[in-house]
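Take the sequence shown: its letter number 18 is residue 21 in my numbering, and every next letter is one higher.
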Amino acid sequence: MRTVALLFVGIYLLFAYWQINDPNPILWITLYLVSAFVSLKMYQKKNNLELLIVLQILYSSMLINSWVQITAFEGFFTPGHGLSMKSFNQELARETAGLMICLLTFIVYMIYTFSKKSIRIKNWDN
């Protein structure tokens, strides 16, 4: 799990860097830096189950909000134009995908943290 967490630190830092030219960079850079911080703490084995639950609630509500705003899925890329944004729906699709990646990572971290805590409790009781 430590290798996966360290990999996600790099991925989230890269995502945060890509958001510099976004129309609302403060929001997205902050979200990806928080995800990178949580992954770094997971790598250091200083995971916090309560923080993961709160972040899952926050990110899932933002994910639902972004998902509802998409009127038509137009893909992530514009043919012939690469990553340049040609429509608002493409931007929403990318934001929703980023939030989904963060949320799934938090869910995996929570399951891992919960399983480790239950193992410790079982070993302590014996």
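Ideal placement from N, C-alpha and C gives every residue a C-beta, glycine not left out.
Short CB-CB distance (under 8 Å) between residue i and chain E
i: A100; result: Among the protein chains of the structure shown there is no chain E, as only one such chain exists.
Integer Cβ distance of residue i from residue j, believed to fall under 8 Å
i: L66; j: M103; result: 6 Å
i: Y35; j: R5; result: Contact flag wrong, Cβ pair sits at about 20 Å.
i: N50; j: T74; result: Contact doesn't hold; Cβ gap of about 38 Å is too wide.
Own chain partners of residue i with C-beta closer than 7 Å, once the 5 adjacent residues on each side are dropped
i: N129; result: Note that N129 scores 45 on pLDDT, short of 50, meaning its location in the model is unreliable; the coordinates nonetheless yield the value given after this. Closer than 7 Å at the Cβ level, and outside the excluded window around N129, lies no residue.
i: G101; result: F18
Sequence-distant residues of its chain with Cβ nearer than 6 Å to residue i (five each side left out)
i: W127; result: Its pLDDT being 46, under 50, W127 is placed unreliably by the model, and the measurement read from it follows with that caveat. Contacts found: none.
i: I32; result: A19, Q22
i: K119; result: none
Proximity of residue i and residue j at Cβ, strictly below 8 Å
i: A8; j: S42; result: yes
i: A39; j: V12; result: yes
i: L106; j: S69; result: no
i: L61; j: T116; result: no
Neighbourhood of residue i by C-beta, 8 Å cutoff - its chain only, sequence neighbours within 5 removed
i: V37; result: L58
i: L54; result: V41
i: I110; result: Q59
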